[in-house]
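Single-structure report; data block below.
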Amino acid sequence: LHLPVGVLALAAIMEFFVFSRARSSQFLAPATTFALMVGAAGAVVAVVLGSFLARKGGFGFAEFYAHQALGLATAAGALLTLVLKLSADSFRVFLWPYRLVFGLTLVVLAVGAHFGGNMVHESDYLTKYAPAPVRDRARGRDRENGLPAETGRMAEDDLLDRGLGEAFGPGSVLDSLAH
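Right under this line is the structure:
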(Lines of atoms letter the chains of each structure in order from A; the text may use other names.)
(Lines give C-alpha, C1' and ligand atoms only; values in the text may rest on other atoms or scores of the structure.)
Protein backbone atom coordinates (compact mmCIF):
# COMPACT_ATOMS: atom_id res chain seq x y z
CA LEU A 31 0.00 0.00 0.00
CA HIS A 32 2.99 2.33 0.36
CA LEU A 33 4.44 1.96 -3.13
CA PRO A 34 2.42 4.87 -4.61
CA VAL A 35 3.90 7.20 -1.99
CA GLY A 36 7.43 6.38 -3.15
CA VAL A 37 6.53 6.52 -6.84
CA LEU A 38 4.82 9.90 -6.50
CA ALA A 39 7.81 11.18 -4.48
CA LEU A 40 10.12 9.98 -7.26
CA ALA A 41 7.96 11.73 -9.84
CA ALA A 42 8.20 14.94 -7.78
CA ILE A 43 12.00 14.71 -7.68
CA MET A 44 12.11 14.12 -11.43
CA GLU A 45 9.73 17.04 -12.04
CA PHE A 46 11.99 19.26 -9.95
CA PHE A 47 14.90 18.48 -12.32
CA VAL A 48 12.68 19.11 -15.34
CA PHE A 49 11.55 22.42 -13.81
CA SER A 50 15.15 23.44 -13.08
CA ARG A 51 16.02 22.71 -16.71
CA ALA A 52 18.85 20.36 -15.87
CA ARG A 53 20.69 18.78 -18.78
CA SER A 54 18.86 15.51 -18.29
CA SER A 55 15.42 17.14 -18.17
CA GLN A 56 14.59 16.25 -21.77
CA PHE A 57 14.92 12.58 -20.84
CA LEU A 58 13.17 12.93 -17.49
CA ALA A 59 9.94 14.52 -18.76
CA PRO A 60 8.59 11.30 -20.35
CA ALA A 61 9.82 9.26 -17.38
CA THR A 62 7.96 11.64 -15.05
CA THR A 63 4.75 11.00 -16.99
CA PHE A 64 5.30 7.26 -16.67
CA ALA A 65 5.99 7.57 -12.94
CA LEU A 66 2.77 9.58 -12.54
CA MET A 67 0.85 6.85 -14.39
CA VAL A 68 2.23 4.19 -12.06
CA GLY A 69 1.74 6.39 -8.98
CA ALA A 70 -1.86 7.34 -9.85
CA ALA A 71 -2.82 3.75 -10.65
CA GLY A 72 -1.10 2.58 -7.48
CA ALA A 73 -2.92 5.21 -5.42
CA VAL A 74 -6.27 3.97 -6.70
CA VAL A 75 -5.30 0.37 -5.90
CA ALA A 76 -4.09 1.47 -2.43
CA VAL A 77 -7.44 3.14 -1.73
CA VAL A 78 -9.33 -0.01 -2.72
CA LEU A 79 -7.06 -2.31 -0.71
CA GLY A 80 -7.06 0.14 2.20
CA SER A 81 -10.85 0.06 2.30
CA PHE A 82 -10.70 -3.74 2.56
CA LEU A 83 -8.13 -3.48 5.34
CA ALA A 84 -10.26 -0.92 7.17
CA ARG A 85 -13.07 -3.45 7.55
CA LYS A 86 -11.05 -5.37 10.13
CA GLY A 87 -11.25 -2.36 12.46
CA GLY A 88 -9.09 -1.65 15.46
CA PHE A 89 -7.87 1.77 14.31
CA GLY A 90 -8.09 5.05 16.21
CA PHE A 91 -11.25 6.88 15.27
CA ALA A 92 -10.07 10.35 14.22
CA GLU A 93 -6.78 9.33 12.67
CA PHE A 94 -8.42 6.54 10.70
CA TYR A 95 -11.01 8.82 9.13
CA ALA A 96 -8.42 11.50 8.39
CA HIS A 97 -6.11 8.93 6.78
CA GLN A 98 -8.99 7.50 4.75
CA ALA A 99 -10.23 10.89 3.51
CA LEU A 100 -6.74 12.15 2.71
CA GLY A 101 -5.94 8.88 0.92
CA LEU A 102 -9.00 9.34 -1.27
CA ALA A 103 -8.00 12.95 -1.90
CA THR A 104 -4.46 11.87 -2.79
CA ALA A 105 -5.72 9.31 -5.31
CA ALA A 106 -8.05 11.90 -6.87
CA GLY A 107 -5.25 14.47 -6.91
CA ALA A 108 -2.85 11.99 -8.51
CA LEU A 109 -5.39 11.22 -11.24
CA LEU A 110 -6.01 14.92 -11.88
CA THR A 111 -2.25 15.54 -11.88
CA LEU A 112 -1.83 12.81 -14.49
CA VAL A 113 -4.55 14.27 -16.73
CA LEU A 114 -2.99 17.74 -16.51
CA LYS A 115 0.50 16.31 -17.17
CA LEU A 116 -0.75 14.48 -20.27
CA SER A 117 -2.34 17.73 -21.47
CA ALA A 118 0.86 19.63 -20.76
CA ASP A 119 2.91 17.04 -22.66
CA SER A 120 0.58 16.87 -25.66
CA PHE A 121 -0.71 20.40 -26.11
CA ARG A 122 1.74 22.52 -24.11
CA VAL A 123 -1.13 23.83 -21.98
CA PHE A 124 -1.88 23.37 -18.29
CA LEU A 125 1.81 23.24 -17.31
CA TRP A 126 1.44 25.54 -14.29
CA PRO A 127 -1.92 24.06 -13.21
CA TYR A 128 -0.29 20.62 -13.45
CA ARG A 129 2.57 21.65 -11.20
CA LEU A 130 0.23 23.39 -8.75
CA VAL A 131 -2.10 20.40 -8.47
CA PHE A 132 0.88 18.05 -8.18
CA GLY A 133 2.31 20.15 -5.34
CA LEU A 134 -1.03 20.23 -3.50
CA THR A 135 -1.41 16.48 -4.00
CA LEU A 136 2.02 15.92 -2.44
CA VAL A 137 1.05 18.05 0.58
CA VAL A 138 -2.18 16.06 1.03
CA LEU A 139 -0.20 12.83 0.61
CA ALA A 140 2.31 13.88 3.29
CA VAL A 141 -0.40 14.79 5.81
CA GLY A 142 -2.32 11.57 5.07
CA ALA A 143 0.86 9.54 5.46
CA HIS A 144 1.48 11.20 8.81
CA PHE A 145 -1.95 10.12 10.06
CA GLY A 146 -1.29 6.61 8.74
CA GLY A 147 1.95 6.51 10.69
CA ASN A 148 0.13 7.67 13.80
CA MET A 149 -2.42 4.87 13.37
CA VAL A 150 0.23 2.19 13.11
CA HIS A 151 2.96 3.50 15.41
CA GLU A 152 1.00 5.85 17.73
CA SER A 153 1.43 9.60 17.88
CA ASP A 154 4.87 9.62 19.53
CA TYR A 155 6.63 7.45 16.95
CA LEU A 156 8.80 10.33 15.71
CA THR A 157 9.95 11.41 19.16
CA LYS A 158 9.94 8.22 21.21
CA TYR A 159 13.69 7.59 20.88
CA ALA A 160 14.78 11.19 20.31
CA PRO A 161 17.23 12.85 22.73
CA ALA A 162 15.48 14.15 25.87
CA PRO A 163 15.60 17.88 24.94
CA VAL A 164 14.03 17.17 21.54
CA ARG A 165 11.46 14.80 23.02
CA ASP A 166 10.51 17.28 25.77
CA ARG A 167 10.11 20.13 23.29
CA ALA A 168 8.00 18.02 20.93
CA ARG A 169 5.76 16.88 23.78
CA GLY A 170 5.23 20.43 24.97
CA ARG A 171 6.96 20.19 28.34
CA ASP A 172 6.59 23.42 30.24
CA ARG A 173 9.99 23.80 31.88
CA GLU A 174 9.04 27.01 33.72
CA ASN A 175 6.03 25.50 35.50
CA GLY A 176 7.44 22.00 35.67
CA LEU A 177 4.39 20.39 34.09
CA PRO A 178 4.98 16.90 32.77
CA ALA A 179 5.13 16.51 29.01
CA GLU A 180 1.99 14.39 28.88
CA THR A 181 -0.23 17.09 30.45
CA GLY A 182 -0.09 19.37 27.42
CA ARG A 183 0.01 16.48 24.99
CA MET A 184 -3.23 14.88 26.17
CA ALA A 185 -5.14 18.13 25.72
CA GLU A 186 -3.72 18.48 22.21
CA ASP A 187 -4.62 14.87 21.37
CA ASP A 188 -8.18 15.35 22.66
CA LEU A 189 -8.55 18.52 20.60
CA LEU A 190 -7.09 16.77 17.56
CA ASP A 191 -9.44 13.79 17.95
CA ARG A 192 -12.46 16.05 18.35
CA GLY A 193 -11.54 18.25 15.38
CA LEU A 194 -10.67 15.37 13.09
CA GLY A 195 -13.77 13.48 14.17
CA GLU A 196 -15.98 16.41 13.20
CA ALA A 197 -14.16 16.86 9.89
CA PHE A 198 -13.76 13.24 8.82
CA GLY A 199 -15.87 11.07 11.15
CA PRO A 200 -19.28 9.47 10.76
CA GLY A 201 -21.92 11.97 9.70
CA SER A 202 -19.42 14.45 8.22
CA VAL A 203 -19.64 15.67 4.66
CA LEU A 204 -16.61 13.58 3.70
CA ASP A 205 -18.17 10.49 5.24
CA SER A 206 -21.33 11.00 3.19
CA LEU A 207 -19.23 11.28 0.01
CA ALA A 208 -17.35 8.08 0.82
CA HIS A 209 -20.53 6.04 1.22
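Quick note on the numbering used here: the sequence shown kicks off at 31 and runs consecutively.
We put the CB at the ideal spot given by N, CA and C, even for glycine.
Ranking V75, A92, H97 and G36 by CA distance to the CA of H144 puts H97 first.
Approximately 6 angstroms separates the beta-carbon atoms of T104 and T135; this is inside 8 angstroms, confirming the contact. Taking the C-beta atoms as reference points, M44 is found no nearer than 7 angstroms to E93. Within the same chain, and ignoring the five residues on either side of F132 in sequence, the residues whose Cβ sits closer than 6 angstroms to its Cβ are T111.
Straight across, the Cα-Cα distance linking F82 with A73 is about 14 angstroms.
For V150, the enclosing alpha helix (DSSP H) has its first and last residue at L125 to H151. Between the stretch 57 to 72 and the stretch 112 to 127 there are three or more C-beta pairs closer than 8 angstroms, enough to call the two in contact. Of the residues P34, T63 and V35, the one whose Cα lies closest to the Cα of V48 is T63.
Separation of H151 and V123 (C-alpha to C-alpha, rounded to the nearest whole angstrom) is 43 angstroms. 7 angstroms or more divides the Cβ of G87 from the Cβ of A41. Under the criterion of beta carbons closer than 8 angstroms, G147 and Y159 do not qualify as touching, at roughly 15 angstroms. Note on geometry: alpha-carbon atoms of G80 and L31 lie some 7 angstroms from one another. In this model, W126 and G101 are separated by some 24 angstroms (Cα to Cα).
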